[in-house]
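Residue numbers (this note's numbering): 36 to 243.
Heads up, the thing below is written out as C-alpha coordinates.
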(Lines of atoms letter the chains of each structure in order from A and count residues from 1; the text may use other names and numbers.)
(Lines give C-alpha, C1' and ligand atoms only; values in the text may rest on other atoms or scores of the structure.)
Protein backbone atom coordinates (compact mmCIF):
# COMPACT_ATOMS: atom_id res chain seq x y z
CA UNK A 1 0.00 0.00 0.00
CA UNK A 2 1.26 3.43 -0.88
CA UNK A 3 0.42 6.52 1.14
CA UNK A 4 0.72 10.17 0.13
CA UNK A 5 4.30 11.37 -0.04
CA UNK A 6 4.23 13.53 3.09
CA UNK A 7 5.77 10.68 5.07
CA UNK A 8 3.10 9.27 7.39
CA UNK A 9 5.56 7.88 9.92
CA UNK A 10 2.94 6.84 12.46
CA UNK A 11 0.81 5.17 9.78
CA UNK A 12 3.83 3.30 8.45
CA UNK A 13 4.86 2.21 11.94
CA UNK A 14 1.42 0.81 12.72
CA UNK A 15 0.53 -0.53 9.28
CA UNK A 16 1.92 -4.06 9.55
CA UNK A 17 0.77 -4.48 13.14
CA UNK A 18 -2.80 -3.42 12.39
CA UNK A 19 -3.07 -5.55 9.26
CA UNK A 20 -1.32 -8.63 10.65
CA UNK A 21 -4.50 -10.62 11.49
CA UNK A 22 -6.08 -10.05 8.07
CA UNK A 23 -2.75 -10.67 6.34
CA UNK A 24 -2.36 -14.06 8.00
CA UNK A 25 -5.94 -15.21 7.52
CA UNK A 26 -7.02 -13.57 4.27
CA UNK A 27 -4.60 -11.43 2.31
CA UNK A 28 -1.41 -13.47 2.62
CA UNK A 29 -2.77 -16.55 0.82
CA UNK A 30 -4.32 -14.33 -1.82
CA UNK A 31 -1.06 -12.47 -2.38
CA UNK A 32 0.74 -15.79 -2.80
CA UNK A 33 -1.76 -16.99 -5.39
CA UNK A 34 -1.80 -13.66 -7.23
CA UNK A 35 1.92 -12.89 -7.59
CA UNK A 36 3.64 -16.24 -7.06
CA UNK A 37 3.40 -17.33 -10.68
CA UNK A 38 4.24 -14.00 -12.33
CA UNK A 39 7.20 -14.21 -14.68
CA UNK A 40 9.53 -11.80 -16.43
CA UNK A 41 9.87 -8.19 -15.34
CA UNK A 42 7.34 -7.22 -12.65
CA UNK A 43 6.44 -3.76 -11.32
CA UNK A 44 4.97 -3.82 -7.80
CA UNK A 45 3.32 -0.39 -7.62
CA UNK A 46 2.87 1.16 -4.18
CA UNK A 47 4.68 -1.77 -2.59
CA UNK A 48 4.28 -0.30 0.89
CA UNK A 49 6.17 -2.27 3.53
CA UNK A 50 6.80 -5.17 1.14
CA UNK A 51 3.99 -7.58 1.99
CA UNK A 52 4.17 -9.11 -1.50
CA UNK A 53 7.91 -9.73 -1.48
CA UNK A 54 7.99 -13.21 0.12
CA UNK A 55 5.58 -14.55 -2.50
CA UNK A 56 7.50 -13.81 -5.70
CA UNK A 57 8.93 -17.12 -6.96
CA UNK A 58 9.19 -17.09 -10.74
CA UNK A 59 9.83 -13.47 -11.74
CA UNK A 60 13.12 -12.58 -13.42
CA UNK A 61 13.09 -9.21 -11.67
CA UNK A 62 10.79 -7.28 -9.32
CA UNK A 63 10.86 -3.49 -9.19
CA UNK A 64 9.08 -2.40 -6.01
CA UNK A 65 7.87 1.21 -6.10
CA UNK A 66 7.05 3.15 -2.93
CA UNK A 67 7.05 6.97 -2.88
CA UNK A 68 6.50 7.41 0.86
CA UNK A 69 9.86 7.55 2.69
CA UNK A 70 8.60 5.97 5.92
CA UNK A 71 7.00 3.05 4.11
CA UNK A 72 10.02 2.70 1.83
CA UNK A 73 12.39 2.29 4.79
CA UNK A 74 10.33 -0.68 5.93
CA UNK A 75 10.29 -1.99 2.37
CA UNK A 76 14.10 -1.90 2.32
CA UNK A 77 14.19 -3.74 5.66
CA UNK A 78 12.06 -6.50 4.15
CA UNK A 79 14.03 -6.84 0.92
CA UNK A 80 15.78 -9.99 2.12
CA UNK A 81 12.48 -11.87 2.06
CA UNK A 82 12.33 -11.65 -1.74
CA UNK A 83 13.75 -14.72 -3.49
CA UNK A 84 14.20 -13.03 -6.88
CA UNK A 85 16.28 -10.00 -7.96
CA UNK A 86 14.74 -6.88 -6.42
CA UNK A 87 15.08 -3.15 -7.03
CA UNK A 88 13.42 -0.63 -4.71
CA UNK A 89 12.40 2.73 -6.17
CA UNK A 90 10.77 5.87 -4.81
CA UNK A 91 8.68 6.37 -7.96
CA UNK A 92 4.93 6.80 -7.70
CA UNK A 93 2.00 5.33 -9.59
CA UNK A 94 1.50 8.45 -11.70
CA UNK A 95 4.86 8.14 -13.50
CA UNK A 96 6.08 4.55 -13.66
CA UNK A 97 9.83 4.23 -14.27
CA UNK A 98 9.66 2.00 -17.34
CA UNK A 99 9.53 2.49 -21.09
CA UNK A 100 6.48 1.67 -23.15
CA UNK A 101 5.76 -2.05 -23.43
CA UNK A 102 8.77 -3.10 -21.35
CA UNK A 103 7.07 -4.85 -18.42
CA UNK A 104 5.48 -8.30 -18.19
CA UNK A 105 3.26 -7.72 -15.15
CA UNK A 106 2.06 -4.84 -12.99
CA UNK A 107 0.87 -5.48 -9.43
CA UNK A 108 -1.46 -3.26 -7.39
CA UNK A 109 -2.30 -4.40 -3.86
CA UNK A 110 -4.19 -1.92 -1.67
CA UNK A 111 -2.97 0.95 -3.84
CA UNK A 112 -5.73 2.07 -6.21
CA UNK A 113 -7.91 2.89 -3.20
CA UNK A 114 -5.26 5.41 -2.09
CA UNK A 115 -3.58 7.05 -5.09
CA UNK A 116 -4.93 10.52 -5.95
CA UNK A 117 -5.66 9.61 -9.58
CA UNK A 118 -6.37 5.90 -10.16
CA UNK A 119 -7.19 6.47 -13.83
CA UNK A 120 -3.73 7.91 -14.38
CA UNK A 121 -2.11 5.05 -12.46
CA UNK A 122 -3.94 2.49 -14.58
CA UNK A 123 -3.06 4.41 -17.73
CA UNK A 124 0.60 4.23 -16.74
CA UNK A 125 0.26 0.49 -16.13
CA UNK A 126 -1.28 0.08 -19.57
CA UNK A 127 1.56 2.09 -21.11
CA UNK A 128 4.43 0.09 -19.61
CA UNK A 129 2.93 -3.37 -20.09
CA UNK A 130 3.78 -5.32 -23.21
CA UNK A 131 0.88 -6.59 -25.32
CA UNK A 132 -0.41 -9.64 -23.49
CA UNK A 133 1.11 -8.41 -20.23
CA UNK A 134 -0.83 -8.92 -17.01
CA UNK A 135 -2.29 -6.55 -14.47
CA UNK A 136 -3.11 -8.18 -11.13
CA UNK A 137 -4.69 -6.52 -8.12
CA UNK A 138 -6.18 -6.90 -4.67
CA UNK A 139 -8.05 -3.73 -3.81
CA UNK A 140 -10.33 -2.07 -1.30
CA UNK A 141 -13.49 -1.14 -3.25
CA UNK A 142 -16.97 0.34 -2.93
CA UNK A 143 -18.70 -2.95 -3.69
CA UNK A 144 -22.41 -3.27 -4.44
CA UNK A 145 -25.82 -2.94 -2.85
CA UNK A 146 -26.77 -1.23 0.39
CA UNK A 147 -23.29 -1.53 1.99
CA UNK A 148 -21.90 0.51 -0.91
CA UNK A 149 -24.17 3.39 0.13
CA UNK A 150 -22.62 3.35 3.60
CA UNK A 151 -19.11 3.22 2.16
CA UNK A 152 -19.78 6.29 0.06
CA UNK A 153 -21.03 8.13 3.15
CA UNK A 154 -18.04 7.05 5.21
CA UNK A 155 -15.47 7.75 2.49
CA UNK A 156 -14.50 11.34 3.46
CA UNK A 157 -13.99 10.41 7.13
CA UNK A 158 -12.12 7.21 6.32
CA UNK A 159 -9.85 9.06 3.90
CA UNK A 160 -8.67 11.31 6.75
CA UNK A 161 -8.25 8.39 9.16
CA UNK A 162 -6.45 6.01 6.78
CA UNK A 163 -3.86 8.15 5.00
CA UNK A 164 -5.92 8.81 1.89
CA UNK A 165 -7.64 5.44 1.45
CA UNK A 166 -11.01 5.82 -0.30
CA UNK A 167 -13.91 3.44 0.32
CA UNK A 168 -15.88 4.57 -2.71
CA UNK A 169 -13.82 3.50 -5.73
CA UNK A 170 -15.03 1.07 -8.38
CA UNK A 171 -11.74 -0.54 -9.38
CA UNK A 172 -13.29 -3.13 -11.69
CA UNK A 173 -14.84 -0.40 -13.83
CA UNK A 174 -11.66 1.67 -13.74
CA UNK A 175 -9.55 -1.24 -15.03
CA UNK A 176 -11.90 -1.77 -17.97
CA UNK A 177 -12.03 1.98 -18.69
CA UNK A 178 -8.22 2.02 -18.87
CA UNK A 179 -8.34 -0.35 -21.84
CA UNK A 180 -7.58 -3.67 -20.17
CA UNK A 181 -9.29 -6.93 -21.07
CA UNK A 182 -10.89 -8.18 -17.84
CA UNK A 183 -9.98 -11.61 -16.55
CA UNK A 184 -10.86 -13.38 -13.32
CA UNK A 185 -12.66 -11.32 -10.67
CA UNK A 186 -13.39 -12.41 -7.11
CA UNK A 187 -15.15 -10.21 -4.56
CA UNK A 188 -14.62 -11.00 -0.89
CA UNK A 189 -14.75 -9.41 2.59
CA UNK A 190 -11.44 -8.56 4.21
CA UNK A 191 -12.67 -9.82 7.56
CA UNK A 192 -16.04 -9.69 9.36
CA UNK A 193 -14.59 -7.32 11.97
CA UNK A 194 -14.10 -4.64 9.30
CA UNK A 195 -17.86 -4.54 8.79
CA UNK A 196 -19.04 -2.09 6.12
CA UNK A 197 -15.51 -0.93 5.22
CA UNK A 198 -14.20 -4.35 4.26
CA UNK A 199 -15.29 -4.89 0.63
CA UNK A 200 -12.38 -6.21 -1.44
CA UNK A 201 -11.78 -7.44 -4.95
CA UNK A 202 -9.09 -9.68 -6.43
CA UNK A 203 -8.75 -9.40 -10.18
CA UNK A 204 -6.59 -10.03 -13.19
CA UNK A 205 -6.62 -8.28 -16.55
CA UNK A 206 -4.60 -8.29 -19.75
CA UNK A 207 -3.18 -5.56 -21.91
CA UNK A 208 -4.49 -6.18 -25.42
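Ideal placement from N, C-alpha and C gives every residue a C-beta, glycine not left out.
Given the structure is predicted, the values throughout are model-derived calculations rather than measurements.
For residue 109, the closest alpha carbon among the candidates 84, 209, 99 and 91 is that of 84. Check the Cα spacing between residue 122 and each of 143, 141, 99 and 131: the tightest is with 99.
In the DSSP assignment, residue 95 falls within the beta strand (DSSP E) that extends over 94-100. Counting along the chain, residue 127 sits inside no beta strand (DSSP E), nor does DSSP assign it H or E at all. Between residue 118 and residue 92, the beta carbon gap of about 6 Å places them in contact (Cβ cut-off 8 Å). In this chain, the alpha helix (DSSP H) harbouring residue 70 covers 63-70. With a cutoff of 8 Å on beta-carbon distance, residue 116 and residue 151 are scored as not near each other. Following the DSSP letters along the chain, one finds residue 211 inside the alpha helix (DSSP H) bounded by residues 206-212. The residue among 71, 224 and 201 with its C-alpha nearest the C-alpha of residue 153 is 201. Around residue 209, the same chain offers 147, 153, 154 and 157 as residues with beta carbons nearer than 8 Å, after the five sequence neighbours per side are excluded. Residue 136: not part of any beta strand (DSSP E); DSSP gives it neither H nor E. 212 is the residue among 212, 235 and 234 whose C-alpha sits nearest the C-alpha of residue 242. Residue 161 and residue 58 have their C-alpha atoms roughly 28 Å apart. Secondary structure at residue 89: helix, using DSSP grouped into helix, strand and coil.
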